[in-house]
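In the working numbering, the protein residues as written are 91 to 245. We treat Cβ as the ideally placed atom computed from N, Cα and C, and that holds for glycine.
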């Protein structure tokens, strides 16, 4: 496993140079998993949802569903811009669905959703795309559903 600091630097380079999908595919093929397990997020999600429908944007190699308690979700759908990450996620989580798709293109037709997670991906969108995504996400939620957006702050 690559140290997190190194992975963050590579992530910054990928974002800065605008490599998007190709850059992420290279990082995931090289075994550089940016983000990785998030025990605090998994614990929080497990307290918020029971046998629910969870959608995650920026799912990477599918680390989150592996950390969740089995009773947390009845359906989990993950989206990532990296085809390589999605392949790894499908292999590691056969009971979940994964798709290679940027979050600004997401149009969820399988409403209602209990929880939508955007883990360290919102800052890749323009302000207009982020506003449109948030509107679509809120419309996809069931009553009482939630959206969680996390942002990496190195300081």
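Let me make sure I understand the geometry here. Which of the options has the alpha-carbon closest to that of residue i?
{"i": "residue 186", "options": "207, 163, 192", "result": "163"}
{"i": "residue 152", "options": "213, 172, 205, 204", "result": "172"}
{"i": "residue 183", "options": "238, 208, 160", "result": "160"}
Could you have a look at residue i and say whether DSSP puts it in helix, strand or coil?
{"i": "residue 224", "result": "helix"}
{"i": "residue 233", "result": "strand"}
{"i": "residue 170", "result": "strand"}
{"i": "residue 164", "result": "strand"}
{"i": "residue 135", "result": "helix"}
{"i": "residue 239", "result": "strand"}
Tell me the residue span of the alpha helix (DSSP H) that contains residue i.
{"i": "residue 203", "result": "Here residue 203 belongs to no alpha helix (DSSP H); instead the beta strand (DSSP E) covers 203-209."}
{"i": "residue 155", "result": "153-157"}
Using C-beta distances below 7 Å, list every residue in its chain close to residue i, excluding the 5 sequence neighbours before and after it, in chain order.
{"i": "residue 210", "result": "125, 148, 240, 241, 242"}
Output yes or no for whether 8 Å exceeds the beta carbon distance between residue i and residue j.
{"i": "residue 193", "j": "residue 215", "result": "yes"}
{"i": "residue 195", "j": "residue 188", "result": "no"}
{"i": "residue 226", "j": "residue 205", "result": "no"}
{"i": "residue 158", "j": "residue 128", "result": "no"}
{"i": "residue 139", "j": "residue 167", "result": "no"}
{"i": "residue 130", "j": "residue 154", "result": "no"}
{"i": "residue 191", "j": "residue 213", "result": "no"}
{"i": "residue 181", "j": "residue 202", "result": "no"}
{"i": "residue 150", "j": "residue 175", "result": "yes"}
Quick check on the DSSP output: the beta strand (DSSP E) that includes residue i runs from which residue to which?
{"i": "residue 189", "result": "187-190"}
{"i": "residue 146", "result": "142-147"}
Below 8 Å CB to CB, which residues in the same chain sit around residue i once its five sequence neighbours on both sides are set aside?
{"i": "residue 222", "result": "194"}
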